[in-house]
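Here the sequence shown is numbered in this note's numbering, starting from 5 and rising by one per residue. Note that the Cβ used here is the ideal one computed from N, Cα and C, for glycine as well. This report concerns only the one structure given below.
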Amino acid sequence: MEEENVILVNQNDEQIGLMPKMEAHEKAVLHRAFSVFVLNEKNEIMLQQRASHKYHSPLLWTNTCCSHQRDGETNIQAGTRRLFEEMGFETSLKELFHFIYKAPFDNGLTEHELDHVMIGYYNDEPKINPDEVENWKWMSIESVAKDIQLHPEIYTVWFKIIFDEFYHYLEDHKI
Numbered sequence: 005m006e007e008e009n010v011i012l013v014n015q016n017d018e019q020i021g022l023m024p025k026m027e028a029h030e031k032a033v034l035h036r037a038f039s040v041f042v043l044n045e046k047n048e049i050m051l052q053q054r055a056s057h058k059y060h061s062p063l064l065w066t067n068t069c070c071s072h073q074r075d076g077e078t079n080i081q082a083g084t085r086r087l088f089e090e091m092g093f094e095t096s097l098k099e100l101f102h103f104i105y106k107a108p109f110d111n112g113l114t115e116h117e118l119d120h121v122m123i124g125y126y127n128d129e130p131k132i133n134p135d136e137v138e139n140w141k142w143m144s145i146e147s148v149a150k151d152i153q154l155h156p157e158i159y160t161v162w163f164k165i166i167f168d169e170f171y172h173y174l175e176d177h178k179i
């Protein structure tokens, strides 16, 4: 299978090129990404535990899904596609905000992303893809915030950064 490209961007989210995903993570080049948070009617977040065979951050907990847009794909199209590929369901998504972050991993790779954060709502169980996801659970937003403080080692590096931005966004915008 051919490696997917990521979309290289400048600070203004303007596309400046394409690069294989692994190369972008090795060189810590800024690229476009997205993070999806799915909430239920109890205002709980659906978290996923990454599959055990993932090349980085295996078995760590993270937001509902996240990945990279494909060339020519809108943020919403990308989020909808990946949510179905990983969690096995569709729901309408809304983009909330975007921001830039940089997060190094223990294996020498670095995420340097202009991340588009989206929200969706769903109340049923997902049909997880075992190639991508080990497990899933619902957690209240407040419980996630407390658990990250108590057990930061069980969460992905990027989730801790993105959750903080998401949490403050929810505080500032009653959605």
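- The beta carbon of E48 lies closer than 7 Å to those of W142, M143 and S144 in the same chain, with the five residues before and after it left out.
- Between L64 and Y159, the CB-CB gap stays under 7 Å.
- Distance between N133 and M91, taken at the CA atoms: about 6 Å.
- Judged by DSSP in its simplified three-state form, G83 adopts helix.
- In this structure, the straight-line span from the alpha carbon of S56 to that of E138 is close to 7 Å.
- In this structure, the beta-carbon distance from V40 to L100 does not fall below 7 Å.
- Under the 10 Å beta carbon count, E115 is surrounded by 16 or more other beta carbons and is classified as buried.
- Secondary structure of L63 (DSSP, three-state): coil.
- For Y173, no beta strand (DSSP E) encloses it; the enclosing alpha helix (DSSP H) starts and ends at V161 to D176.
- Straight across, the Cα-Cα distance linking H120 with G112 is about 24 Å.
- Taking C-beta separations shorter than 6 Å and ignoring five residues to either side along the sequence, the partners of A28 in its chain run V10 and H35, following chain order.
- Looking at the backbone, the Cα of E175 and that of E136 are separated by about 31 Å.
- Shown here, L51 sits in a strand according to DSSP, grouped into three states.
- About 5 Å separates the CB atoms of V42 and Y126; that is less than 8 Å, so the two are in contact.
- Non-local C-beta neighbours of K131 in its own chain, meaning closer than 8 Å and more than five positions away in sequence, comprise M91, G92 and F93, ordered along the chain.
- Here A28 carries a helix assignment [DSSP, helix/strand/coil].
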